[in-house]
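This report concerns only the one structure given below.
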Amino acid sequence: MTISREKKVAYGVLVGPAVLIYAAVIIFPILFSLAAGFTQWNGLSTPQFVGLDNYVRMFTDPVFRLGLRNNLLIVAVSVFGQIPFGFALAYIIYRRMVRGHAFFETMIFLPITISAIVVAKLWNQIFSPRGLFTELMRIITENDRFVLTIFESRTFAIVPILFVILWMYTGIYMIIFLANLQRIDPGVIEAAIIDGAREHQILLRVVLPQMVNVVFTTAVFAIAGSLKSFDLIFAMTGGGPAHYTEVIAIYMYLNTFKYYNYGFGSAISMMIVFLSLGLITAVQAVFRKLEARYV
16 MTISREKKVA
26 YGVLVGPAVL
36 IYAAVIIFPI
46 LFSLAAGFTQ
56 WNGLSTPQFV
66 GLDNYVRMFT
76 DPVFRLGLRN
86 NLLIVAVSVF
96 GQIPFGFALA
106 YIIYRRMVRG
116 HAFFETMIFL
126 PITISAIVVA
136 KLWNQIFSPR
146 GLFTELMRII
156 TENDRFVLTI
166 FESRTFAIVP
176 ILFVILWMYT
186 GIYMIIFLAN
196 LQRIDPGVIE
206 AAIIDGAREH
216 QILLRVVLPQ
226 MVNVVFTTAV
236 FAIAGSLKSF
246 DLIFAMTGGG
256 PAHYTEVIAI
266 YMYLNTFKYY
276 NYGFGSAISM
286 MIVFLSLGLI
296 TAVQAVFRKL
306 EARYV
């Protein structure tokens with residue numbers, strides 16, 4: 016047996032099991048869902064081919080469009096809220112702009128260590144008619160009958176959930192940025208300070224160019240995580256009232272496991288995949304330009 020063949024055999028033995036597991040857990044379900052999305056199937060009877068009917072039904076359903084809007088709002092809050100806030104907090108801690116940086120680092124990261132179900136129940140209590148937020152607003156407005164009614168608004172019912180998502184997940188991006196900031200050679204920053212660079216110049220011309228790839232990675236995480244948002248929202252509102260806070264994942268869950276429409280549910284799941292790929296491709300195109308400019 017030649018050395019080249021031995022290497023191929025070794026690669027096959029070492030990588031083969033992982034590839035098989037990946038194919039069984041990831042690739043096969045995606046292909047199965049892609050095929051099932053073109054059928055009418057309740058999970059028991061023989062699937063009936065219906066072509067693009069499931070996708071037409073999906074896009075003509077106002078509940079799906081509302082869920083899509085909510086998902087895109089979550090993506091926006093994640094990409095343009097969690098990532099910038101996470102980076103800002105990481106930079107403040109990295110540059111020692113506050114005292115007790117270890118305390119703040121722990122407190123900001125703490126929410127992500129708590130179960131999403133617990134977080135949902137906690138904020139439900141805060142927003143409840145006898146909760147902390149309601150009591151504070153009664154004191155501020157001097158109205159003993161004040162009740163939070165934002166969840167009754169089709170347009171703004173998602174806002175409290177967006178706030179909770181921002182509060183909960185910003186810490187993980189802060190840790191990612193902080194870990195990468197600590198990899199920057201301190202000598203480079205010291206040299207910039209000696210040359211008379213101000214803080215904003217250090218940030219824009221020394222730090223950010225070295226963070227381009229990290230920002231891209233976090234943006235991919237944020238998009239993928241936002242489009243599959245489920246547990247926090249389901250535990251907090253269940254998608255209600257009147258589907259006002261529903262997202263695509265809840266829409267898929269209800270149609271698949273409550274109404275037993277597996278073909279339609281598969282089409283919805285593939286739409287989540289297509290949206291993820293489309294948004295990530297768009298982000299990748301933007302960061303290629305930034306990488307060519309700064310890296």
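In the working numbering, the protein residues as written are 16 to 310.
Heads up, the beta-carbon is just placed ideally off N, CA and C, and yes, glycines get one too.
These numbers come from a predicted model, not from an experiment.
- Taking 7 Å as the cut-off, the Cβ atoms of isoleucine 265 and phenylalanine 249 count as close.
- Secondary structure note for threonine 121: its alpha helix (DSSP H) is the uninterrupted segment 116-124.
- Sixteen is the threshold: when 16 or more other Cβ atoms of the shown chains lie within 10 Å of the Cβ of glutamate 261, as they do, the residue is buried.
- By the Cβ neighbour-count rule, leucine 83 is buried, with 16 or more other Cβ atoms within 10 Å of its own.
- According to the DSSP assignment, proline 44 belongs to the alpha helix (DSSP H) that extends over 43-51.
- DSSP places phenylalanine 161 in the coil class of the three-state scheme, outside both helix and strand.
- As computed with DSSP, glutamine 197 is found in no beta bridge at all.
- Taking C-alpha positions only, isoleucine 180 is separated from serine 48 by approximately 29 Å.
- For alanine 239, same chain residues with a beta-carbon under 6 Å away, outside a window of 5 residues either side, are Ser291 in chain order.
- Collapsing the DSSP output to three states places threonine 128 in a helix.
- Taking each of Phe53, Phe171, Arg20 in turn and checking the Cα distance to arginine 72, the smallest one comes out for Phe53.
- Per DSSP, the beta-bridge partners of glutamine 55 are Gln63.
- Look at asparagine 276 here: in three-state DSSP terms it is coil, with no helix or strand label.
- With contacts defined by Cβ atoms closer than 7 Å, glutamate 120 and isoleucine 108 form a contacting pair.
- Under the three-state reduction of DSSP, isoleucine 173 is assigned to coil, being neither helix nor strand.
- Between glutamine 97 and threonine 185, the gap from beta carbon to beta carbon is short of 7 Å.
- No Cβ-Cβ contact shorter than 7 Å links isoleucine 217 with alanine 206.
- About 17 Å separates the beta carbon of threonine 233 from that of isoleucine 199, a gap too long to meet the 8 Å contact definition.
- Setting aside the 5 residues that flank it on each side, asparagine 85 is surrounded in the same chain by Ile173, Val262, each with a C-beta closer than 6 Å to its C-beta; the list follows chain order.
- Relative to the Cα of glutamine 63, the nearest Cα in the group Ser281, Tyr70, Gln55 belongs to Gln55.
- Ranking Arg114, Ser244, Val30, Met122 by CA distance to the CA of leucine 87 puts Ser244 first.
- Taking every protein chain shown into account, the CB of proline 224 has fewer than 16 other CB atoms within 10 angstroms, so this residue is exposed.
- If you check the CB distance, leucine 104 and methionine 189 come in under 7 Å.
- Taking 7 Å as the cut-off, the beta carbon of isoleucine 154 is found no closer than this to the beta carbon of phenylalanine 148.
- Asparagine 57 is a Cβ neighbour of tyrosine 275, given a cutoff of 7 Å.
- Alanine 212 places its beta carbon 7 Å or farther from that of serine 93.
- Per the C-alpha coordinates, the member of Asn228, Leu219, Met183 positioned closest to alanine 135 is Met183.
- Judged by DSSP secondary structure, glutamate 261 falls outside any alpha helix (DSSP H); it is assigned neither H nor E.
- Distance from the CA of valine 301 to the CA of leucine 294, rounded to the nearest whole angstrom, comes to 11 Å.
- In this structure, tyrosine 259 sits near arginine 169, with a CB-CB distance shorter than 7 Å.
- For leucine 81, the uninterrupted alpha helix (DSSP H) segment begins and ends at 77-92.
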